[in-house]
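Under numbering that gives the first Met the number 0, think of the first position of the sequence shown as 0, with each following residue one higher. Quick reminder that beta carbons are idealized off the backbone N, C-alpha and C, glycines included.
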Amino acid sequence: MEEEKKDDPPPIKRYRREEKSSESEEDLDNYEPYVPVKERKKQQLMKLGRLGQLAAEAAAEPKSSSDNDPDDETSQEEWGRRYNVSLLDQHSELKRLAEARALSAAERQAREEEHILESVAQSKALMGIQYEEPIKTSWRPPRCILELPEERHERVRRQLRILVEGEDVPPPIRTFQHMKFPKGILRGLEAKGIKKPTPIQVQGIPAVLSGRDMIGIAFTGSGKTLVFTLPIIMMCLEQEIKMPFIKNEGPYGLIICPSRELAKQTHDIIQHFVRLNVCRYLCMDEADRMIDMGFEEDVRTIFSYFAGQRQTLLFSATMPRKIQNFARSALVKPVTVNVGRAGAASLNVRQELEPVKAEARTVHLLQCLQKTPPPVLVFAERKQDVDAIHEYLLLKGVEAVAIHGGKDQEERSRAVEAFRRGEKDVLVATDVASKGLDFANIQHVINYDMPEDIENYVHRIGRTGRAGGEGVATTLLGRAADDSVLRDLAHLLREAQQKVPSFLLDMIGEPDVPVPDGQGCSYCGGLGHRITECPKLEAVQNKQASNIGRRDYLANTAADY
0 MEEEKKDDPP PIKRYRREEK SSESEEDLDN YEPYVPVKER KKQQLMKLGR LGQLAAEAAA
60 EPKSSSDNDP DDETSQEEWG RRYNVSLLDQ HSELKRLAEA RALSAAERQA REEEHILESV
120 AQSKALMGIQ YEEPIKTSWR PPRCILELPE ERHERVRRQL RILVEGEDVP PPIRTFQHMK
180 FPKGILRGLE AKGIKKPTPI QVQGIPAVLS GRDMIGIAFT GSGKTLVFTL PIIMMCLEQE
240 IKMPFIKNEG PYGLIICPSR ELAKQTHDII QHFVRLNVCR YLCMDEADRM IDMGFEEDVR
300 TIFSYFAGQR QTLLFSATMP RKIQNFARSA LVKPVTVNVG RAGAASLNVR QELEPVKAEA
360 RTVHLLQCLQ KTPPPVLVFA ERKQDVDAIH EYLLLKGVEA VAIHGGKDQE ERSRAVEAFR
420 RGEKDVLVAT DVASKGLDFA NIQHVINYDM PEDIENYVHR IGRTGRAGGE GVATTLLGRA
480 ADDSVLRDLA HLLREAQQKV PSFLLDMIGE PDVPVPDGQG CSYCGGLGHR ITECPKLEAV
540 QNKQASNIGR RDYLANTAAD Y
């Protein structure tokens, strides 16, 4: 019986078959309708941007109810002619689309720059009373100048490349005699070898003598100092004639400078504490430097001590956006006199760039000193580098002196005077000597390193090629220089019609967004970068961020005491 059970086949399992529905819900969700070949080609061309104009036509045309429509053959022929595009046409279309994308990127860049400018715009009003009309003076241009037509004045400005802005700008005057200076001043100018005014003086002096607030922009060595010193002398002479000065009265004019050396050059010494009750004349020489160094609040505090209306003058070789914002809050209907582009380098200076490794710069400096006879100016960014260069030159037997902000005033004054008298051949300095200081017979300026912004570079090389002379500026370039500053330098060389070295082009490469000719950073004025890459704005923002929270217990300006 057991064997029979083993031989029995195993029982068959039976399964229930369930009928599947022809279309499940999942299949319905994944269903993709069939698209004819004609429509697929049309969609592909739409992706390439080729149907900008035809899209509206296609939308307006009624779709055929059936693919077997008798008129379908003619429509297919028409679509075939439209979409049978050659490779040359495709290349042209792709190039146009690339240019359109670049334009949109430039537009986005412009909107971003406007937003940044709004965030850094000067919103704080100037301390003191606000005036709407310029100060009144008794000076008037000669009748022979006033009777000339305005077309003649414009022709003179075009000949001298003078750009003016403002309301009712006084006419340019081309001789000191017609400016009505007394004989004593004319003899003094002749003794200095000054026979006729420079372009900034032709337009600037009449504007200042008329009592107008003014923004004077001109390249270094163009004679800006005479534009504000001669009128202040004339104003003091007029005040003395009307009512003689008495003891402890004055001053009648105040000139503010960014460094002690420049202030000493403008006026030998400030003898005692002054009161500004009767002061009517204020000049800021190298105004951009003062604002950059953080003296803006101190200047505003000085303005608040003026009891009456004043005439305010700003002078500099560069005029970035922050200075323009400051001028709007400080000046009354100012006249802007611009000789050349603000921030442009002097055309009298031959700029030479030399690639040098950091460890070889000090040795290479000796070779650069052989280019021209002394005196020579050497600029470095850091105080430590100035001291190291000074020590190295002394060890090599070079008669050199050095100045920077870490030295006391007596030592700095002795060094500058020894260099002026010709007792020393080389002056090594930081940028404290790059603004406004005038040294005679300087034929060569050496930049030991590249400054942090292009404005300082312009002021450095402006110590040579002054008063119509010619000079040489040698810059030792290394890999540590900022790319945006190097791009500014390349544009500066092109603007001065000088050759841009090939190694400089290799260092800077190509910017992500090209900078249009004649345009650049709207904050500092550099031609090689935009405001989004401005190193100067970045430094200002970093400084402001580091000072957050310190104002509660530390005094930053004179107004905090």
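Buried versus exposed call for residue i [16 or more other C-beta atoms within 10 Å across all chains shown]
{"i": "residue 148", "result": "exposed"}
{"i": "residue 18", "result": "Only weak support exists for where residue 18 lies, its pLDDT of 49 falling under 50; the coordinates are left without a value."}
{"i": "residue 440", "result": "exposed"}
{"i": "residue 452", "result": "buried"}
{"i": "residue 285", "result": "buried"}
{"i": "residue 385", "result": "buried"}
{"i": "residue 40", "result": "exposed"}
{"i": "residue 180", "result": "buried"}
{"i": "residue 97", "result": "exposed"}
{"i": "residue 403", "result": "buried"}
{"i": "residue 362", "result": "exposed"}
{"i": "residue 69", "result": "For residue 69, the pLDDT reaches just 48, beneath the cut-off of 50, and the residue's location in the model is therefore unreliable, although a value from the coordinates is still provided. Classification of residue 69: exposed, given that the 10 Å Cβ count is below 16."}
{"i": "residue 325", "result": "buried"}
{"i": "residue 289", "result": "buried"}
{"i": "residue 306", "result": "exposed"}
{"i": "residue 367", "result": "buried"}
{"i": "residue 242", "result": "exposed"}
{"i": "residue 357", "result": "exposed"}
{"i": "residue 87", "result": "exposed"}
{"i": "residue 200", "result": "buried"}
{"i": "residue 501", "result": "exposed"}
{"i": "residue 222", "result": "buried"}
{"i": "residue 34", "result": "exposed"}
{"i": "residue 561", "result": "What the structure shows of the chain is the stretch from 0 to 560, and residue 561 is not part of that stretch, so it cannot be assessed."}
Span of the beta strand (DSSP E), counted from its first residue to its last, around residue i
{"i": "residue 235", "result": "Looking at the DSSP string, residue 235 is not in any beta strand (DSSP E); the run it does join, the alpha helix (DSSP H), is 223–241."}
{"i": "residue 314", "result": "310–315"}
{"i": "residue 280", "result": "280–284"}
{"i": "residue 244", "result": "Looking at the DSSP string, residue 244 is not in any beta strand (DSSP E), and its letter there is neither H nor E."}
{"i": "residue 353", "result": "348–354"}
{"i": "residue 300", "result": "Per DSSP, residue 300 belongs to no beta strand (DSSP E); it is in the alpha helix (DSSP H), 295–303."}
{"i": "residue 214", "result": "213–217"}
{"i": "residue 253", "result": "252–255"}
{"i": "residue 445", "result": "443–446"}
{"i": "residue 336", "result": "334–338"}
{"i": "residue 426", "result": "425–428"}
Residue i - containing alpha helix (DSSP H), residue span
{"i": "residue 492", "result": "482–494"}
{"i": "residue 385", "result": "382–394"}
{"i": "residue 402", "result": "Unbroken run through residue 402 is the beta strand (DSSP E), 399–402; no alpha helix (DSSP H)."}
{"i": "residue 200", "result": "198–208"}
{"i": "residue 405", "result": "Careful: residue 405 lies outside any alpha helix (DSSP H) and carries neither H nor E."}
{"i": "residue 457", "result": "453–460"}
{"i": "residue 145", "result": "142–145"}
Cβ-Cβ distance between residue i and residue j below 7 Å
{"i": "residue 455", "j": "residue 474", "result": "no"}
{"i": "residue 283", "j": "residue 255", "result": "yes"}
{"i": "residue 338", "j": "residue 193", "result": "no"}
{"i": "residue 336", "j": "residue 163", "result": "yes"}
{"i": "residue 465", "j": "residue 220", "result": "yes"}
{"i": "residue 463", "j": "residue 444", "result": "yes"}
{"i": "residue 379", "j": "residue 389", "result": "no"}
{"i": "residue 280", "j": "residue 234", "result": "yes"}
{"i": "residue 230", "j": "residue 177", "result": "no"}
{"i": "residue 215", "j": "residue 314", "result": "yes"}
{"i": "residue 476", "j": "residue 489", "result": "no"}
{"i": "residue 457", "j": "residue 258", "result": "no"}
{"i": "residue 472", "j": "residue 460", "result": "yes"}
{"i": "residue 405", "j": "residue 382", "result": "yes"}
{"i": "residue 287", "j": "residue 322", "result": "yes"}
{"i": "residue 198", "j": "residue 145", "result": "no"}
Closer than 6 Å: residue i CB and nearest the ligand ATP heavy atom
{"i": "residue 361", "result": "Among the components modelled here there is no ligand, and therefore nothing to report on the ligand ATP."}
Residue-level contact to chain C via CB, residue i, 7 Å cutoff
{"i": "residue 332", "result": "Checking the listed chains, one finds no chain C in this structure; it contains a single protein chain."}
Next item on the list: Specify whether the region 198–215 and the region 166–177 touch according to this definition: at least 3 beta carbon pairs, one from each stretch, less than 8 Å apart.
Entry: yes
Margin query: Using a Cβ distance threshold of 8 Å, determine whether the region 373–380 contacts the region 423–430, with at least three qualifying pairs required.
Written below: yes
Item checked: the region 345–365 contacting the region 479–499, beta-carbon criterion three pairs below 8 Å -> Enough Cβ pairs lie closer than 8 Å, so yes.
Next item on the list: Count the CB pairs spanning the region 209–216 and the region 173–185 that are closer than 8 Å, and state whether there are at least three.
Entry: no
Note to self: Suppose only complete runs of 4+ residues qualify. What are the alpha helix (DSSP H) ranges in the region 153–195, listed by chain order?
What the structure shows: 182–190
Check: What are the complete beta strand (DSSP E) segments, minimum 3 residues, inside the region 357–384?
Finding: 375–378
Check: Below 8 Å, can you find three or more Cβ-Cβ pairs linking the region 299–315 to the region 326–333?
Finding: By the Cβ rule, the region 299–315 counts as touching the region 326–333, because three or more pairs are nearer than 8 Å.
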